[in-house]
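Trainee: A single structure is presented below for examination.
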Amino acid sequence: MEEVWKRLKLNDEEDCPIEIGKGVRGSMELKGERSLVGKIISERRIGKEVARSMMEKVWKVGKPLEFQEIGGNCYVITFVNRRDKWKVLDGCPWLFDSYLFVLLDFNGGLQPRLFDFDHAYLWIQMLNLPLSYMNKQMGELIGSSIGKVSEVDVQKDGLAWGKCLREKVECDLRRPVARGRTIVVDGRKIWVPFQYEKLHRLCFNCGRIVHGKDGCMESEGSIGQYGVWLRALPQNRRAAVKVKEQKGGGRGEESGDYSDPFHEVDDDERKGEA
Ligand SMILES: [Zn+2]
């Protein structure tokens, strides 16, 4: 369609710009402050009512939650207040029935086709790090080699001794998930493997999240390059209070990371970390 538009030779009437004042946006602006846009990354078509009733339960937000479909599996979601909106956005990533539900802040000035659903924040657990390097700085250093680091889960003193270093990083969904990084410490090469929380759908052939078994465009890769071992068990958050600036007021309880019913949470694992 866009290609067709580009080819058009506009006549004078068509090419004469109609200046649109800010007032035209009207109450959209206010509603937009309580809204997000989201896309369920699935080849299956999901109706807005199904999505709405499911996510209302998962997010545990005030009712009514509004879903307006603006494209295939793509919705404007309006919450009853801004606090709910930020709580949900903050709690990313979310899943709808094991499919990734990518959420963005509402931007009413942009055409829906320009929304970037190719990136999503995911919790990554970095393993095999020497204890003295399990800290915020290390998290940022390794994480930034993948994408924007939103958060490194450390204690108040910046340390995170434990089984892994957790961090929330923006990942490019068009690329295979990063399986780890090689670091050099005191001249010694160390492989730092990654595991991803809420990683239910992963193509074991090409390592991408965005399609299932049938949607793979890549020729048969070498066996065993991607697998269930990339899935992490959820860990409780270390930081009692999140360091990042809170935009919409309090976050209420701990992050909503584990409140979705589709994620198999291992109780022993959670107790162990508590
Ligand atoms: Zn694939």
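Using this note's numbering, the letters of the sequence shown map in sequence onto residues 1357 to 1630.
We put the beta carbon where it would ideally sit given N, CA and C, even for glycine.
(1) So, at 8 Å on beta carbons, what are the nonlocal neighbours of F1550 in its own chain, with the 5 sequence-adjacent residues on each side left out?
(2) When DSSP labels each residue in this structure, what does D1371 get in the three-state scheme?
(3) Taking 8 Å as the threshold, find out whether the region 1464-1475 comes into contact with the region 1506-1515 through three or more Cβ pairs.
(4) By how many angstroms is the C-alpha of K1492 removed from the C-alpha of R1607?
(5) Assign M1357 to one of two classes, buried (16 or more other C-beta atoms within 10 Å of its C-beta) or exposed (fewer than that).
(6) Taking L1515 as the reference, give the member of Y1552, I1402, V1393 and M1494 with the closest Cα.
(7) Would you decide whether K1413 is buried or exposed? Buried here means 16 or more other CB atoms lie within 10 Å of its CB.
(8) Assuming N1437 and G1418 form a contact by the criterion Cβ under 8 Å, report the distance between their Cβ atoms to the nearest whole angstrom.
(9) Which residues bound the beta strand (DSSP E) around A1407?
(10) What does the alpha-carbon distance come out to for the pair E1369 and G1377?
(11) Could you tell me which whole beta strand (DSSP E) segments of length 3 or greater appear in the region 1415-1446?
(12) CA-CA distance, S1409 and Y1489?
(13) Run the proximity test for N1367: is its beta-carbon closer than 7 Å to any non-hydrogen atom belonging to ligand 1?
(14) Shorter than 7 Å, the distance from the beta carbon of H1556 to the closest heavy atom of ligand 1, or not?
(15) By a C-beta neighbour count over all protein chains shown, 10 Å radius and 16 as the cutoff for buried, is M1411 buried or exposed?
(16) Specify, as a first and last residue, the run of the beta strand (DSSP E) that M1573 falls within.
(17) Let me check you understand the geometry: is the CB of R1564 closer than 7 Å to at least one non-hydrogen atom of ligand 1?
(18) Nearest by alpha-carbon distance to H1475: which of S1578, R1439 and E1526 is it?
(19) Could you have a look at L1497 and say whether DSSP puts it in helix, strand or coil?
(20) Hey, out of R1363, I1498 and V1444, whose CA is closest to V1393's CA?
(21) Mind checking which residues open and close the alpha helix (DSSP H) that includes E1358?
(22) For L1487, which of D1461, C1520 and G1503 has the nearest alpha-carbon?
(23) Indicate, with yes or no, if ligand 1 has a heavy atom lying under 7 Å from the CB of E1574.
(24) Who are R1530's beta bridge partners in DSSP?
Mentor: So, from the data block:
(1) Position 194 of the sequence shown, counting from 1, holds the residue named residue 1550. Excluding residues within five positions, the ones whose Cβ falls inside 8 Å are I1480, Q1481, M1482, L1483, V1533, A1534, R1535, G1536, R1537 and L1586.
(2) As a first step, residue 1371 must be located in the sequence shown, where it is residue number 15. Three-state DSSP puts D1371 in a helix.
(3) By the Cβ test, the region 1464-1475 is not in contact with the region 1506-1515, since fewer than three Cβ pairs between them sit closer than 8 Å.
(4) On the sequence shown, residue 1607 is found 251 positions in, with the first residue counted as 1. On the sequence shown, residue 1492 is found 136 positions in, with the first residue counted as 1. Low local confidence applies: a pLDDT of 37 at R1607 is under 50, so the model's placement there is unreliable, with the coordinate-based value given in what follows. R1607 and K1492: Cα-Cα distance of roughly 22 Å.
(5) On the sequence shown, residue 1357 is found 1 positions in, with the first residue counted as 1. Looking at its Cβ environment, which holds fewer than 16 other Cβ atoms inside 10 Å, M1357 is exposed.
(6) Numbered from its first residue, the sequence shown carries residue 1515 at position 159. It is M1494.
(7) Indexing the sequence shown from 1 puts residue 1413 at position 57. The residue is exposed, with fewer than 16 neighbouring Cβ atoms inside 10 Å.
(8) Along the sequence shown, read from residue 1 onward, the residue named residue 1437 stands at position 81. Along the sequence shown, read from residue 1 onward, the residue named residue 1418 stands at position 62. Right, the Cβ-Cβ distance comes to about 6 Å (below 8 Å), so this counts as a contact.
(9) As a first step, residue 1407 is located in the sequence shown; it is residue number 51 there, counting from the start. No beta strand (DSSP E) contains A1407, which is instead part of the alpha helix (DSSP H) from K1404 to W1415.
(10) Walking along the sequence shown from the start, residue 1369 turns up at place 13. Walking along the sequence shown from the start, residue 1377 turns up at place 21. The alpha-carbon atoms of E1369 and G1377 are separated by roughly 20 Å.
(11) As far as the region 1415-1446 is concerned, its whole beta strand (DSSP E) runs of at least 3 residues are 1422-1427 and 1430-1434.
(12) Counted from its first residue, the sequence shown places residue 1409 at position 53. Counted from its first residue, the sequence shown places residue 1489 at position 133. Cα to Cα, S1409 sits roughly 44 Å from Y1489.
(13) As a first step, residue 1367 is located in the sequence shown; it is residue number 11 there, counting from the start. Taken from the Cβ of N1367, every heavy atom of ligand 1 lies 7 Å or farther away.
(14) For the purposes of this step, residue 1556 is taken as residue 200 along the sequence shown, with counting starting at 1. Checking every heavy atom of ligand 1 against the Cβ of H1556, none is found closer than 7 Å.
(15) Within the sequence shown, the letter at position 55 stands for residue 1411. By the 10 Å Cβ count, M1411 comes out buried.
(16) Translated into the one-based positions of the sequence shown, residue 1573 becomes position 217. First-last for M1573: undefined, no H or E at that position.
(17) As a position in the sequence shown, residue 1564 is number 208, starting the count at 1. Checking every heavy atom of ligand 1 against the Cβ of R1564, one is found closer than 7 Å.
(18) In the sequence shown, counting from the first residue as 1, residue 1475 sits at position 119. When the alpha-carbon of H1475 is set against those of S1578, R1439 and E1526, the nearest one is in E1526.
(19) Here residue 1497 corresponds to residue number 141 of the sequence shown, with the count starting at 1. Here L1497 carries a helix assignment [DSSP, helix/strand/coil].
(20) If you number the sequence shown from 1, residue 1393 lands on position 37. Considering only R1363, I1498 and V1444, the residue with the shortest C-alpha distance to V1393 is V1444.
(21) Here residue 1358 refers to the residue found at position 2 when the sequence shown is read from its first residue. In the DSSP annotation of this structure, the continuous segment of the alpha helix (DSSP H) that includes E1358 starts and ends at E1358 to R1363.
(22) For the purposes of this step, residue 1487 is identified with residue 131 of the sequence shown, where counting begins at 1. Cα-wise, what sits closest to L1487 is C1520.
(23) On the sequence shown, residue 1574 is found 218 positions in, with the first residue counted as 1. For E1574, the shortest separation between its Cβ and any heavy atom of ligand 1 lies below 7 Å.
(24) Here the question's residue 1530 lines up with position 174 in the sequence shown. BP columns for R1530 are empty, so no partner.
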